Structure formats: C-alpha cells, structure tokens
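Accompanying notes for the structure given below.
In structure tokens, the structure reads:
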C-alpha cells in the first residue's frame, strides 16, 4: 500500500498533542483484544464483533458496488499455504471495504483485482489493493486498513479489474471490462466511535460462527442449498473445515467447452455457507481401475451454481470414483475466526 508520507512533528509539539495521539492509539488497541488461546484448526467464534458504517452504494457497468468502513483491525493474508498476520499500524484510521455484485441477480462477485485511491481536495491521501477477504459478519468482500488525514470529506475511487475466473450460464462473457466507481466519503472520528463493538467473552474460541450482517443496500455472498442445487447432488463431504457440495449436470452450462457431463463442486464455509474462492482444485475420476478424467476444476461464477469449481468430462457413470484434491489452498485473506481453517486438506473420495 502506498500512503502519503507525513512530515515529522515539529520539535515544539505540545505534550497535550502527544497525549492525544497516545489516547487514540490506546483506543484502537482496546478494539483489538487478545486472540483466543489454543484456537482450533477450524472455523471458530472470534473474540469480538465489529459493526460497520455505510459510505454509499452505486452502479458501474454490470456491477453494483458498495463502500463501507469500520475500525482498523487485524487480518491474515495467505502466502501459498502460510498465513501472515497484518497488524494494525499506528497511522491506520479505518478499515475500508467494498462489496461488488451483479446488478441483475445481486450475486456477489469474488474478485481479487479491486483497488482504491483516496484523495482530499485533489491531493492523494492513500491508495492500494483491496484484498479479497472472508469475514464471518460480512462474507466475501475486499478490504484493507487505511490512514486518513483526520475529519473531512474524501473522494474514494474504486477500480474493478476484469474478472479472472470463468463465467458461465447467463454470466458467460460478462464482467470483462475494467470499471470504476466513485464515492464521496464524509469521515469523522466521532461517527466511527459510534460503530458497534462487542466482545464475545463467553463464546470466543468455540467452534461456530457469528451471523452475517444484513444490509438492505448490500447483498451477501451465498451458495445454493443442496436441495436446490442444479443437477444431481452426490455428496457434501468436508475437508479442512470447508464443505465440498458436489453435483453433476447432464451437460455443462454455456461458457464451458465440451458437451459431456459437468462436475461442479461448491466449496463453502460451515455455518454461514459463504463461497470459498481462489482455490486450486482438481479431480480424478476412475472407472474399474482406469482413469477416465484427470484435470483441474477452474474457479467459475454461474448464476445458478454460484461460485464453484467445475469441468466437463467425456462421461460419468454410476460406480465411478471421484477424487478431489486441493492443489492450492484458498488465496483469500481472512478475518478473525477464519484464519486457522481452510489450510490443511485431505483428499476427498466420492462414489457416483
């Protein structure tokens, strides 16, 4: 992240000013309580809940875009298969978040190519990538901590890269253009301080999750329930504490090469059933000891199947064995409660 470089305080800065800075830092620290001891290698209830403030929602191209913010907070980035904790820095003012969705269906779109630029009166304040993230109260979104220049009006530009994942069905050949959304952000520290903050002393560390925040203007990423998933649902096994809802369709959706059966795997979180994007997943299908398919399942966005991993194959018969292998863990950053899960996967076997 490229932030404005601030001049060092003058030698004559007052003690009162330093005390004010120290007080603000202590307030921020109090909103980052200690992590739970002995966190499970699974989804767990975090130490606290943070609310959010709405900046606004708009449309651009095929997208609806919302900008929200909350207190700066820690999160974890993924580097191949390791987690790297991102701590709150001294100049962090807010955690900026965007949600991007399809204007027609309100399907939330996981996108790892969202960036933002913050200016004030035409002067640059902060800019950088917004990391694709999973949080228990917000689901799939993009965000990062940013430093602002105190209370005032800011202009925020959000750029959305063409979607790298495959699109199918009514989404085929869409989301291919670079789009930009702009927002006027009226920030005041006093408004931020009114944002909900609740410690979960009695529940923290337990396996489970907090509920999603419901916002009228902003949809939440979802996955189809197994009873309404297209095709024939084979199984919903778990690995790495993620659920792999697996279905087969007689033919692939528009946008997929091939005309044979289509294998689709909807990888989702337990409890809230958010999609888990940015994973590398492959499948091997054997029949009477002979391999009839061995290949990757590309990440795919479809209005009926949701975000999933899928591939067409020449044939799929009763008795075939499907082996699912995670070749790369989900490269999606995580808020507290998700950072210890979706990292260590065992091979999954499903019989058709």
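In the numbering used here, the protein residues as written are 154 to 505. Glycine included, every Cβ here is placed at the ideal spot set by N, Cα and C. None of the values given here were measured: they were computed from a predicted structure.
So, with DSSP's three-state summary, where would you put residue i?
i           : result
residue 416 : strand
residue 206 : strand
residue 381 : helix
residue 323 : helix
residue 341 : coil
residue 407 : coil
residue 365 : coil
residue 250 : strand
residue 433 : strand
residue 370 : coil
residue 453 : strand
residue 217 : strand
residue 291 : coil
residue 259 : coil
residue 298 : strand
residue 328 : coil
residue 448 : strand
Looking at the strands, I want to know which residues DSSP matches up with residue i.
i           : result
residue 336 : 309
residue 237 : 230
residue 352 : 201
residue 464 : 416
residue 270 : 280, 310
residue 303 : Answer by DSSP bridge pairing: none, since residue 303 is not bridged.
residue 491 : Answer is none; residue 491 lacks a bridge partner.
residue 395 : 392
residue 479 : 434
Note down the Cα distance separating residue i from residue j, rounded to an integer number of angstroms.
i           : j           : result
residue 342 : residue 242 : 17 Å
residue 453 : residue 463 : 7 Å
residue 203 : residue 441 : 53 Å
residue 154 : residue 352 : With a pLDDT of 45 at residue 154, under the threshold of 50, the modelled position of this residue cannot be trusted, and the question is left open.
residue 429 : residue 486 : 11 Å
residue 119 : residue 231 : Limits of the chain in this structure are 154 at one end and 505 at the other, which puts residue 119 out of reach.
residue 457 : residue 415 : 14 Å
residue 199 : residue 226 : 13 Å
residue 335 : residue 210 : 9 Å
residue 315 : residue 482 : 23 Å
residue 503 : residue 397 : 11 Å
residue 417 : residue 404 : 11 Å
residue 222 : residue 287 : 15 Å
residue 236 : residue 195 : 14 Å
residue 239 : residue 492 : 11 Å
residue 247 : residue 394 : 31 Å
residue 500 : residue 484 : 19 Å
residue 377 : residue 459 : 7 Å
residue 434 : residue 293 : 19 Å
residue 280 : residue 476 : 43 Å
residue 185 : residue 283 : 21 Å
residue 478 : residue 406 : 23 Å
residue 254 : residue 220 : 12 Å
residue 390 : residue 370 : 34 Å
residue 437 : residue 467 : 13 Å
residue 168 : residue 244 : Reliability of the predicted coordinates at residue 168 is poor, the pLDDT of 36 falling under 50, and the value obtained from them is presented with this limitation in mind. So the alpha carbons of these two residues sit roughly 19 Å apart.
residue 461 : residue 218 : 22 Å
Thinking C-alpha only, which one of the options is nearest residue i?
i           : options            : result
residue 290 : 449, 277, 363      : 363
residue 350 : 194, 503, 206, 505 : 206
residue 304 : 287, 326, 345, 333 : 345
residue 201 : 254, 354, 219, 328 : 354
residue 445 : 474, 250, 287      : 474
residue 455 : 323, 479, 449, 381 : 323
residue 337 : 348, 358, 307      : 307
residue 447 : 427, 459, 480      : 480
residue 385 : 402, 262, 320, 325 : 402
residue 214 : 278, 312, 228      : 312
residue 252 : 301, 374, 443      : 374
residue 380 : 468, 399, 461      : 399
residue 507 : 300, 317, 321, 245 : With the chain represented from 154 up to 505, any question about residue 507 goes unanswered, as that position is not in the structure.
residue 191 : 224, 439, 490, 495 : 490
residue 572 : 193, 472, 368, 274 : Nothing can be reported for residue 572, as the shown portion of the chain is limited to 154 through 505.
residue 274 : 356, 302, 488, 285 : 302
residue 419 : 257, 229, 224, 388 : 388
residue 270 : 296, 256, 257, 258 : 296
residue 319 : 410, 472, 276, 331 : 410
How should residue i be labelled, buried or exposed, when 16 other C-beta atoms within 10 angstroms of its C-beta is the threshold for buried?
i           : result
residue 470 : exposed
residue 309 : buried
residue 431 : buried
residue 187 : exposed
residue 421 : buried
residue 450 : buried
residue 327 : buried
residue 359 : exposed
residue 250 : buried
residue 263 : buried
residue 260 : buried
residue 511 : Nothing about residue 511 can be read from this structure; the chain reaches only from 154 to 505.
residue 321 : buried
Beta-carbon of residue i versus every beta-carbon of chain C: anything under 7 Å?
i           : result
residue 364 : Note that chain C does not occur in the displayed structure, where there is just one protein chain.
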